[in-house]
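Novice:
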Amino acid sequence: MFNNKSILITGGTGSFGQCFINYVLTHYKPKKLIVFSRDELKQFEMQQVFTHSQMRYFIGNVREKDRLVTAMRDVDFVIHAAALKQVPAAEYNPMECIKTNIMGAQNVIEAAIEAGVQRVIALSTDKAANPVNLYGATKLASDKLFVAANNIAGSDGPRFAVVRYGNVVGSRGSVVPFYRKLLNDGRVKLPVTHAEMTRFWLKLEQGVEFVIKNFQRMQGGEIFVPKIPSVRILDLVEAMSGQREYETIGIRPGEKLHEVMVPEEVAHHTYEFDDHYVITPPIKFFERQLDYSTNKLGEQGQPVDEQFEYHSGTNPHFLTVGELKELDKSLL
2 MFNNKSILIT
12 GGTGSFGQCF
22 INYVLTHYKP
32 KKLIVFSRDE
42 LKQFEMQQVF
52 THSQMRYFIG
62 NVREKDRLVT
72 AMRDVDFVIH
82 AAALKQVPAA
92 EYNPMECIKT
102 NIMGAQNVIE
112 AAIEAGVQRV
122 IALSTDKAAN
132 PVNLYGATKL
142 ASDKLFVAAN
152 NIAGSDGPRF
162 AVVRYGNVVG
172 SRGSVVPFYR
182 KLLNDGRVKL
192 PVTHAEMTRF
202 WLKLEQGVEF
212 VIKNFQRMQG
222 GEIFVPKIPS
232 VRILDLVEAM
242 SGQREYETIG
252 IRPGEKLHEV
262 MVPEEVAHHT
272 YEFDDHYVIT
282 PPIKFFERQL
292 DYSTNKLGEQ
302 GQPVDEQFEY
312 HSGTNPHFLT
322 VGELKELDKS
332 LL
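If you read the sequence shown in our numbering, its first letter stands for residue 2, the second for the next number, and so on.
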């Protein structure tokens, strides 16, 4: 679907952006791939790797709508990956998080409508479901903006959807590279915020493939949630260090013991498909009546039980220590 199409990704120098661009260049023949981000050094480093003629690099900030409008000219598809994501940093710098994650999201929406983009997918997080920290709250607000944007855009405007998933294995700032560095430095006991902690777990390429598939599936207004395994933090400690020796450091500001991707409160408008869930819009779009039980690929879903909750602690699929060891080897 990306052959001879122009694609822009905000925050494109991040882990997701680099994996996405590599995947698209390998599997498709795009007209243009536009990296939009505010870090000139990361863009320079990326230009040394991705030298393809289709690549374009735009310095810009999602806080500035005019720059987004310029960058989206003649663009077909947009992935909105730019965000301030560190939970403690957001707690200490709340307005900066709000400016990027909420106001920036609205700028992306307005720019996409003005530029006549076809489809937009915004990346979200499990922390947006029943949020207890500011980062999660801003991403929930962003999710709501992107869902409602389908109404604002009208019947002929861009279609907007959201992809929500959990921890991405090996991404910058995540626990795996952090633990690996500590072990390489000779650390014996790894720091653990709480021994009972669980998280949803996703490989970066899986996330990229899921996003691309949802460009094909989307009608507009969906929040797509992949079915992925969970991980127990002590299993990860054992897989990486060979033992269950750890040091409890306490839960950080705004951190949860477990994560939820589909809260029980939205179960009444959620469908289950073979490999994912779809949270449908709680609002009605005035110009369209959509049947979300069947997507654009013809895949059919079923309503979940009204007490359903997709929870990292009760997820039926947990990775074993052995599976985590193999996964860690694949990231080296």
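Cβ coordinates follow ideal geometry from the N, Cα and C atoms, glycine included.
#1: Locate the alpha helix (DSSP H) running through phenylalanine 201, then write down its first and last residues.
#2: Can you tell me whether glutamine 303 is buried or exposed, with buried defined as 16 or more other CB within 10 angstroms of its CB?
#3: Mind listing, in chain order, the continuous alpha helix (DSSP H) runs of no fewer than 4 residues lying wholly within the region 106-189?
#4: Return the CA-CA distance between threonine 249 and methionine 198, expressed in angstroms with no decimal places.
#5: Between the region 2-12 and the region 27-43, are three or more C-beta pairs nearer than 8 Å?
#6: For alanine 112 versus alanine 150, is the C-beta spacing smaller than 9 Å?
#7: Which residues does DSSP pair with proline 89 in a beta bridge?
#8: For aspartate 306, count neighbouring C-beta atoms within 10 Å of its own C-beta (all shown protein chains included) and say buried if the count is 16 or more, exposed if not.
#9: Using beta-carbon positions only, say whether valine 79 and asparagine 108 come within less than 9 Å of one another.
#10: Which stretch, first to last residue, makes up the alpha helix (DSSP H) that contains phenylalanine 45?
#11: When we look at the beta-carbon of alanine 196 and count the other beta-carbons within 10 Å, is it buried (16 or more) or exposed?
#12: Is it buried or exposed, aspartate 157, if we count other Cβ atoms within 10 angstroms and call 16 or more buried?
#13: Take every Cβ of the region 239-253, pair it with every Cβ of the region 182-197, and state whether three or more of those distances are shorter than 8 Å.
#14: Please identify the residue among Phe3, Glu266, Lys257, Pro230 whose C-alpha is closest to the C-alpha of asparagine 316.
#15: Using the three-state DSSP reduction, which class does proline 317 fall into: helix, strand or coil?
#16: May I ask you to check if the CB of alanine 72 is nearer than 8 Å to at least one heavy atom of the ligand COA?
#17: Could you have a look at valine 226 and say whether DSSP puts it in helix, strand or coil?
#18: Express the C-alpha separation of arginine 120 and lysine 30 in angstroms, rounding to a whole number.
#19: Taking the alpha carbon of isoleucine 280 as the reference point, which residue from Leu235, Glu310, Val169 has its own alpha carbon closest?
#20: Rounded to a whole number of angstroms, what is the C-alpha to C-alpha distance between serine 335 and arginine 173?
#21: Taking C-beta to C-beta, are glutamine 220 and glutamate 265 nearer than 9 Å?
#22: Can you round the beta-carbon distance between isoleucine 122 and phenylalanine 216 to whole angstroms, since I take them to be within the 8 Å contact cut?
#23: State buried or exposed for serine 54, treating a residue as buried only when at least 16 other CB atoms are found within 10 Å of its CB.
#24: Give the range of the alpha helix (DSSP H) segment to which methionine 96 is assigned.
#25: Please tell me whether serine 143 and asparagine 102 are closer than 9 Å, where the distance is taken between their beta carbons.
#26: Can you give me the C-alpha to C-alpha distance between glutamate 210 and tyrosine 278, rounded to a whole angstrom?
#27: Measuring alpha carbon to alpha carbon, tell me which residue in Asp275, Arg74, Gly137 is nearest valine 261.
#28: Distance check for glutamate 246 and leucine 26, CA to CA, integer angstroms please.
Specialist: Well, looking at it:
#1: As a position in the sequence shown, residue 201 is number 200, starting the count at 1. Unbroken run through phenylalanine 201 is the beta strand (DSSP E), 199-204; no alpha helix (DSSP H).
#2: Working through the sequence shown from its first residue, we reach residue 303 at position 302. Classification for glutamine 303: exposed.
#3: Assignment of alpha helix (DSSP H) within the region 106-189, counting only whole runs of 4 or more residues, yields 135-154, 176-185 in chain order.
#4: Taking the first residue of the sequence shown as 1, we reach residue 249 at position 248. Taking the first residue of the sequence shown as 1, we reach residue 198 at position 197. The alpha-carbon separation between threonine 249 and methionine 198 amounts to approximately 11 Å.
#5: With the cut-off at 8 Å, the region 2-12 and the region 27-43 touch.
#6: Within the sequence shown, the letter at position 111 stands for residue 112. Within the sequence shown, the letter at position 149 stands for residue 150. Not a contact, by the Cβ cut-off of 9 Å.
#7: Within the sequence shown, numbered from 1, the residue matching residue 89 stands at position 88. Beta-bridge pairing links proline 89 to no other residue.
#8: As a working mapping, residue 306 is identified with position 305 in the sequence shown. Counting Cβ neighbours within 10 Å, aspartate 306 comes out exposed, since fewer than 16 surround it.
#9: Counting from one through the sequence shown, the residue named residue 79 turns up at place 78. Counting from one through the sequence shown, the residue named residue 108 turns up at place 107. No, these two residues do not count as a Cβ contact at 9 Å.
#10: Numbered from its first residue, the sequence shown carries residue 45 at position 44. 41-50 is the extent of the alpha helix (DSSP H) around phenylalanine 45.
#11: Taking the sequence shown and counting its residues from 1, the one referred to as residue 196 is at position 195. A residue is called buried when at least 16 other Cβ atoms come within 10 angstroms of its Cβ; alanine 196 does not meet this threshold and is exposed.
#12: Counted from its first residue, the sequence shown places residue 157 at position 156. Exposed, because fewer than 16 other Cβ atoms sit within 10 Å of the Cβ of aspartate 157.
#13: Proximity of the region 239-253 to the region 182-197 meets the contact definition, three or more beta-carbon pairs being nearer than 8 Å.
#14: Along the sequence shown, read from residue 1 onward, the residue named residue 316 stands at position 315. Out of Phe3, Glu266, Lys257, Pro230, Pro230 has the C-alpha closest to the C-alpha of asparagine 316.
#15: For the purposes of this step, residue 317 is taken as the residue at position 316 of the sequence shown. Note: proline 317 maps to coil in three-state DSSP.
#16: In terms of ligand content, the structure shown is empty, and the ligand COA therefore cannot be addressed.
#17: For the purposes of this step, residue 226 is identified with residue 225 of the sequence shown, where counting begins at 1. Here valine 226 sits in strand by DSSP.
#18: As a first step, residue 30 must be located in the sequence shown, where it is residue number 29. As a first step, residue 120 must be located in the sequence shown, where it is residue number 119. Each residue's alpha carbon lies about 18 Å from the other.
#19: In the sequence shown, residue 280 corresponds to position 279, counting from 1. The residue with the shortest Cα to Cα distance from isoleucine 280 is Glu310.
#20: This structure leaves residue 335 out entirely; the chain is present only between 2 and 333.
#21: Locating residue 220 in the sequence shown gives position 219, where the first residue counts as 1. Locating residue 265 in the sequence shown gives position 264, where the first residue counts as 1. Going by C-beta atoms, glutamine 220 is not nearer than 9 Å to glutamate 265.
#22: Counted from its first residue, the sequence shown places residue 122 at position 121. Counted from its first residue, the sequence shown places residue 216 at position 215. With a beta-carbon spacing of about 6 Å, isoleucine 122 and phenylalanine 216 fall inside the 8 Å limit used to define contacts.
#23: Start at 1 with the first residue of the sequence shown, and residue 54 comes out as number 53. By the Cβ-count criterion, serine 54 is exposed, with fewer than 16 other Cβ atoms from all chains shown falling within 10 Å of its own Cβ.
#24: In the sequence shown, counting from the first residue as 1, residue 96 sits at position 95. Segment 95-99, the alpha helix (DSSP H) holding methionine 96.
#25: For the purposes of this step, residue 143 is taken as the residue at position 142 of the sequence shown. For the purposes of this step, residue 102 is taken as the residue at position 101 of the sequence shown. Contact: yes.
#26: The sequence position of residue 210 within the sequence shown is 209, counting from 1. The sequence position of residue 278 within the sequence shown is 277, counting from 1. Distance between the alpha carbons of glutamate 210 and tyrosine 278: 15 Å.
#27: Position 260 of the sequence shown, counted from the first residue, corresponds to residue 261. Valine 261 has its Cα closest to that of Gly137, out of Asp275, Arg74, Gly137.
#28: Taking the sequence shown and counting its residues from 1, one reaches residue 26 at position 25. Taking the sequence shown and counting its residues from 1, one reaches residue 246 at position 245. So the two alpha carbons sit approximately 43 Å from each other.
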